[in-house]
Amino acid sequence: MADTQVLQNILRDEQRLPRVPEPGVMVIFGASGDLTARKLVPALYDLAAQRRLPLEFAVVGLSRTHMSHEEFRGKLRKALEEHRPGEVSDDVWESFASGVFYLPGDSKKWETYDELKDLLKRLDSERGTQGNRAFYLSSSPSLFPAIVENLGEAGLNEGEDGGWSRLVVEKPFGRDLRSAQDLNSELQRYFDETQIYRIDHYLGKETVQNILALRFANGIFEPLWNQHYVDHIQITVAEDIGVGTRGAFYEEAGALRDIVQNHVMQVLCLTAMEPPVTFDAESVREEKVKVLKAVRPIPEDRVEDYAVRGQYERGWVFGEEVPGYREEENVDPESVTETYVALKLFVDNWRWARVPFYIRAGKRLPKKATEVAIQFHSSPHTPFAHDDTEGLAPNVLVVRIQPDEGLSLKIGAKVPGTGFEVSSVNMDLLYGTAFLEEAPDAYQRLLLDLMLGDPTLFIRADEAEGAWKILDPVMRHWSEMREVSFYPAGTWGPEEADALLERDGREWRRP
Amino acid sequence: MIGEPRQAPGGGRMSVGQIERELGKLRTNDDGTLALRSSVLNLVVVTDEESAQEITDSVSRLAGRHPARAVVFIADPEGESTVDVRLSAYCNVRGGGGAQVCAEQVTIHAEGPPAQHLESFAGPLLVPDLPVFLWYPGEFSPRSQEFAAMADLADRIIVDSAASENHETCLREIATLIEDPEMPAIGDLQWVGLSPWRSLLADTFGAPERAGDLERIESAEVLYAPGGENRALLLVGWLASTLGWKPESANRGGQNIEFSGPSGRISVVLSPGSPDARLRRIRLYSSEYSYQVSRHRELSDVRTTVMQEDELVAERTVHLGSFDLGVLVGEELSYRGRDEAYEGALRAAVEILDL
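Protein sequence lines, in the order shown, are assigned to chains W and Y.
Residues in the first sequence are numbered consecutively from -16, following this note's numbering.
Residues in the second sequence are numbered consecutively from 777, following this note's numbering.
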């Protein structure tokens, strides 16, 4: 038996055993924040309890709040108990928590990084973490450049003794093309792009990944998935909730930055991309970037022809009267921030030439629904009498992402009777419900991929910039305008959004 | 149990057409709408009266992750010639649309001659184009014609090598089956139960400085309880086949085994002294390190330690995972094709028995 084989741990070299990452430490910046207690640590605890993390693993929380290791552990335990009472095993928690550490410090000061470096070295020697580090930036985005610079200057952008160093960045990746480019160059000054993991938890959702499975694991859809057969595509990301307590954040962001730049653009990419040769990170991300590059730029002087923004007013959602956006907490009563966006885009490539992609995303719409609807051309000729086909609409294939994940196909069928009346019937296939169990949490999946060094489901720099580039003219135009269209809460957006499609002889579908 | 169980009235002998019609009715909701049928595989189970309830419960729990058309045979070839068919469905509402999805179960009591021709019932009831898993939760007779006829329908056979009173014979018989090119792939629940142990043991060698230690293992101890013999043997068989150990000799009823490995001799002690858990603890020793994976005082948890001489260098407690029958079978249903690691471990286990 060759030594090299043995060094690879041949006990693990088997397809029925799960892949377990190499030893390592995850350092969380902004560790006293909500995301750490609510998402990151529960996901890591679950991964550890389910034997998916290496034996030699540690978590270091870092933020300005003064706390001891024990206090930090206690706080995390309390948060975990709150989210899943009665499900936390004392012994497993104690074992996990013994690898959790806390370092109080100002992430803008270099002294903090000396201390961090010492702590990481100590963990390498005491807990066998092998010089491998993942730095998770969960702090305010305004601190990202300082943290990255300090990490770089402290030499923490490289693992210790041949180990690896990875950087995880939470969205938003900038607030326009310029700031995204600035952020990327800040990150890339100290970290190579292959070390950077931009996290959009949307891509960790099983249902979003299922778009890829649907398209590329089934031979019957792909031949129809192009301009020869498709009339247009509608992508809807609708929420029934309002901004709630996030008013201050939302005032700065708006729907375009909050949802469209990341989630909606990802759905657009997955819908329009060419089949990747393999399911590895570079092949998949390369195809996504090609879609973004192919999107026809929106002329800044004709934004109204392609984009509509709206804001919800007081209205009724499922039997409950809800306030308008301007009445929400921490929202300017004169605000023109958009809570709804509709866009018309074209993907100028061979596959999608002349096929419009209509996109809408908004809050306080009648229901929560995320879907991609592919409307096919009408049949070129119908042999049936006109009166007999009144109820017949073109075929629509709807890929529902949530809720009720599945497919729905609208097809023409004969209405029972002696004549030949033909009508449209919706056939539903709920592939999401074929498996009755709930899918694992998106953060669990993404954190494991991060530790394994698989960036397939993370955003590459040119993806983030590509998405901003499409939206930049719209944002610039809107920033100069003081008008916004209104829609009553509980309706499908402003009238201008309907007009966007009516001009093309089309209409929004009702999800 | 997943979802709401629905049962069809009646029973007795039914035709295939009647069974399909009644299953269709079971999927009809109170408001006249039809729930969807969800199936990713066919699961055919052959059991006896005594285990029937436990098996039916496990099958219903499997519906969550592996929605299937399940055909459960409660067979007694010795009795009077009778056939009794019962139908049920497990339906669940998912998502905001309120759509119902059902997994179906056909339970057939067969006694006397019909019990010797179960394949004649099973064949017509299989959902087309989906893989067929054949599960024998208890003892089975791999040399019988009945077994061969059922195996002909299957893509994978799931057995439990600990279900037989004679665990050695059972392992040998499965080893014969895996060499038969006509047989579909075979899975063993005793092997599935080892997965967390194998993974945890592999974890102890995850640090690069210890991966090389796999070559320097000098001795091992496996502590198990009566009933866990095959699990212990398969674990040692796996280590032997993966690490290139060749069994040389055994004494004390096969409990002390000597192997020759790439770097010398390895002594393994199989000790049936555990009071409870089928597999309680495994230890590996090299000249420098000792590795231990041991069930915790709470049997649901397991503690792993790595010692370098007298110093503790790594330690952790995690969930061992469930050994519920449904979970073990579910693991097998996730797997397609031949399991080469299992086959290697099984061959090595039989070599140990042959010493």
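All C-beta atoms in this analysis are idealised placements derived from N, C-alpha and C, irrespective of residue type, glycine included.
From a predicted model like this one, the values you see are computed outputs, not experimental measurements.
Cutoff 7 Å; reference Pro312 (chain W); Cβ partners in own chain excluding five residues on either side: Here residue 312 (chain W) is Glu; the residue named in the question, Pro, does not match the sequence. So the list reads Thr228, Gly230, once near-sequence residues are dropped.
Cut-off 6 Å between Cβ atoms - residues of its own chain near Ile357 (chain W), not counting five sequence neighbours on either side: Val213, Ile216, Leu380
Leu195 (chain W) to Glu1064 (chain Y) span [Cα, whole Å]: Taking the Cα positions, Leu195 (chain W) is about 49 Å away from Glu1064 (chain Y).
Residue-level contact to chain C via CB, Tyr1111 (chain Y), 8 Å cutoff: Reference to chain C is not applicable here, since the protein chains of this structure are W and Y.
4 or more residues per run - each alpha helix (DSSP H) lying fully within the region 247 to 321 of chain W: Look at the region 247 to 321 of chain W and you find these whole runs of alpha helix (DSSP H), each 4 residues long or longer: 248 to 255, 264 to 277.
First through last residue of the alpha helix (DSSP H) which encompasses Pro900 (chain Y): 894 to 901
CB contact below 8 Å: Leu419 (chain W) versus chain Y: Legend: pLDDT at Leu419 (chain W) = 49, less than 50; position of this residue unreliable, no value from coordinates given.
Option in W:Lys273, W:Gly13, W:Gly146 with minimal Cα separation from Ile130 (chain W): W:Gly13
Continuous alpha helix (DSSP H) stretch holding Met434 (chain W): start and end: Element bounds for Met434 (chain W): 425 to 435.
Minimum Cβ-Cβ distance from Gly111 (chain W) to chain Y less than 8 Å: Closer than 8 Å: yes.
Within-8 Å CB hit, Leu976 (chain Y) to chain W: For Leu976 (chain Y), at least one C-beta of chain W is nearer than 8 Å to its own C-beta.
Interface partners of Ser971 (chain Y) on chain W, CB under 8 Å: Arg(-1), Leu0
Below-8 Å beta-carbon distance, Asp107 (chain W) vs any chain Y residue: no
Option in W:Lys276, W:Glu234, W:Gly237, W:Tyr233 with minimal Cα separation from Cys252 (chain W): Residue W:Lys276 is the option with its Cα nearest to Cys252 (chain W).
Integer Cβ distance of Pro853 (chain Y) from Ser815 (chain Y), believed to fall under 8 Å: At roughly 29 Å, the Cβ-Cβ gap does not stay under 8 Å, so Pro853 (chain Y) and Ser815 (chain Y) are not in contact.
Runs of alpha helix (DSSP H) lying entirely within the region 812 to 855 of chain Y, each at least 4 residues, in chain order: Secondary structure remark: continuous alpha helix (DSSP H) runs of at least 4 residues inside the region 812 to 855 of chain Y, in chain order: 828 to 838.
Touch test, the region 34 to 51 of chain W against the region 66 to 77 of chain W, Cβ-Cβ under 8 Å, three pairs minimum: By the criterion of at least three beta-carbon pairs nearer than 8 Å, the region 34 to 51 of chain W is not in contact with the region 66 to 77 of chain W.
Chain-ordered chain Y contacts of Pro25 (chain W) [CB-CB under 7 Å]: The contacting residues do not exist; Pro25 (chain W) stays about 15 Å from chain Y at best.
Closest residue to Phe469 (chain W) among W:His211, W:Asp17, W:Ile281, W:Thr320 (Cα-Cα distance): W:Thr320
Cβ neighbours of Gly1004 (chain Y) in the same chain (closer than 6 Å, five flanking residues each side left out): Arg1054, Leu1055
Phe1035 (chain Y) classed as buried or exposed, judged by whether at least 16 other C-beta atoms fall within 10 angstroms: buried
Classification of Ile993 (chain Y) by the beta-carbon crowding that lies within 10 angstroms, buried from 16 upward: buried
Helix, strand or coil at Ile242 (chain W) according to DSSP, with G and I counted as helix: helix
Cβ distance (whole Å) where Ala325 (chain W) is taken to contact Ala480 (chain W) below 8 Å: Going by Cβ atoms, the distance from Ala325 (chain W) to Ala480 (chain W) rounds to 4 Å, so yes, they are a contact pair.
Rounded distance between the beta-carbons of Ile954 (chain Y) and Val935 (chain Y), thought under 8 Å: The pair is not a contact, with the Cβ atoms about 11 Å apart (cut-off 8 Å).
Chain W contacts from the region 1086 to 1112 of chain Y (Cβ-Cβ distance under 7 Å): Val1089, Ala1090, Arg1092, Thr1093, Val1094, His1095, Tyr1111
Where Gly871 (chain Y) sits in the DSSP three-state scheme: Low local confidence applies: a pLDDT of 46 at Gly871 (chain Y) is under 50, so the model's placement there is unreliable, with the coordinate-based value given in what follows. Coil at Gly871 (chain Y), not helix or strand.
Members of the region 985 to 1001 of chain Y near chain W, C-beta cut-off 9 Å: Glu985, Arg986, Ala987, Gly988, Asp989, Leu990, Glu991
Residues near Met926 (chain Y) by beta carbon distance below 8 Å, same chain, minus five either side: Val820, Val822, Leu894, Glu895, Ala898, Leu910
Where Ile993 (chain Y) sits in the DSSP three-state scheme: coil
Range covered by the alpha helix (DSSP H) that runs through Ala1090 (chain Y): No alpha helix (DSSP H) holds Ala1090 (chain Y); the beta strand (DSSP E) holding it covers 1087 to 1095.
When Y:His1072, Y:Gly1113, Y:Thr980 are compared against Gln(-9) (chain W), the one with the closest alpha-carbon: Y:Thr980
Completely contained beta strand (DSSP E) runs for the region 86 to 138 of chain W, where each covers 3 or more residues: 116 to 120
Proximity to Glu497 (chain W) [Cα-Cα], best of W:Arg343, W:Thr365, W:Ala444, W:His460: Chain W is shown only over -16 to 494; residue 497 (chain W) falls outside these bounds and no answer can be derived.
Where Asp74 (chain W) meets chain Y, residues with beta-carbon distance less than 7 Å: Per Cβ cutoff of 7 Å: His1072, Glu1074, Asp1077, Thr1093.
Asn133 (chain W) vs Tyr96 (chain W) beta-carbon contact at 8 Å: yes
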